[in-house]
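Input: a single structure, listed below in structure tokens.
Protein chains in written order, with the numbering used here: chain A, 1 to 113; chain B, 1001 to 1108.
Written out as structure tokens, the structure reads:
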């Protein structure tokens, strides 16, 4: 099984550009999450989803949007990129909520210049 | 937001020493998880503690969940260079919040 797959691995954006970070899981997990991790820090929850068609904000949702049209896919949209969004983005999935193991993708390193 | 504070933020020790990492919150959690993250990778689960007062051992790592289920600790005995990494506690119900992280460096 591939687990959680994120694309792209690296991206450089100019200020004001938009992009979508892709995330797909093949474990039939209901819960999916997007995090950002700044250098040397922990993970901050951006958005999460408890199932197809249901999404909710995390700790730092401003400047981002998500959708969950299928169980497998959970794309993260950045509108009007800003330097403050330079970070490493991780997607994760779990079978149920925060008491079950979360499986992570390899991350996307995004730089906004 | 359920804030999870970890201490210390950074820890640099010699091989063979013991250490303890703490994870504290003002909120009650039904369970807490501990993850380890290596550079360029996503976090990987080490253990989940689910019962107040529970102690779990994973080789040289000992995890404890506080009686009130608001805090947890990770104790490493005789640390080795391979233990180097970022240690993260995490908890939540319909979501999963991570702690502030403890970056451990074990010097050979």
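Cβ atoms here follow ideal geometry from the backbone N, Cα and C, with glycine treated the same way. If you're wondering where the values come from, they're calculated on a predicted model, not measured in any experiment.
* Relative to the alpha-carbon of residue 1035/B, which residue among 1107/B, 1083/B and 1079/B has its alpha-carbon at the smallest distance? -> 1083/B
* Would you list, in chain order, the members of the region 44-73 of chain A that have their beta-carbon closer than 7 Å to a beta-carbon of chain B? => 45, 48, 50, 58 and 59
* Applying the criterion that 16 or more other CB atoms from any shown protein chain within 10 Å of the CB defines a buried residue, is residue 90/A buried or exposed? -> buried
* From residue 56/A to residue 1015/B, what does the alpha carbon distance come to, in whole angstroms? -> 44 Å
* Burial state of residue 26/A (16 or more Cβ within 10 Å) -> exposed
* Please report the residue range of the beta strand (DSSP E) in which residue 1006/B lies. => 1005-1007
* To do: Tell me whether residue 24/A is buried or exposed, calling it buried when 16 or more other Cβ atoms sit within 10 Å of its Cβ.
  => Of the residues assessed, residue 24/A falls on the buried side of the cut-off, its CB having 16 or more other CB atoms within 10 angstroms.
* When DSSP builds the beta bridges, which residues end up paired with residue 1096/B? -> In DSSP, residue 1096/B forms no bridge with anything.
* Specify, as a first and last residue, the run of the beta strand (DSSP E) that residue 109/A falls within. => 108-112
* Would you check if the distance between the CB atom of residue 1070/B and the CB atom of residue 1062/B is smaller than 9 Å? => no
* Asked: Using 9 Å as the limit for Cβ to Cβ distance, is residue 100/A near chain B?
  -> yes
* Pairwise C-alpha distance: residue 36/A and residue 44/A -> 5 Å
* Asked: Cβ of residue 1101/B less than 9 Å from any chain A Cβ?
  -> yes
* **CB contact below 9 Å: residue 1024/B versus chain A** => no
* Asked: So residue 1045/B packs on residue 1033/B, CB below 8 Å; how close in whole Å?
  -> 6 Å
* To do: Locate the beta strand (DSSP E) running through residue 1010/B, then write down its first and last residues.
  => 1010-1014
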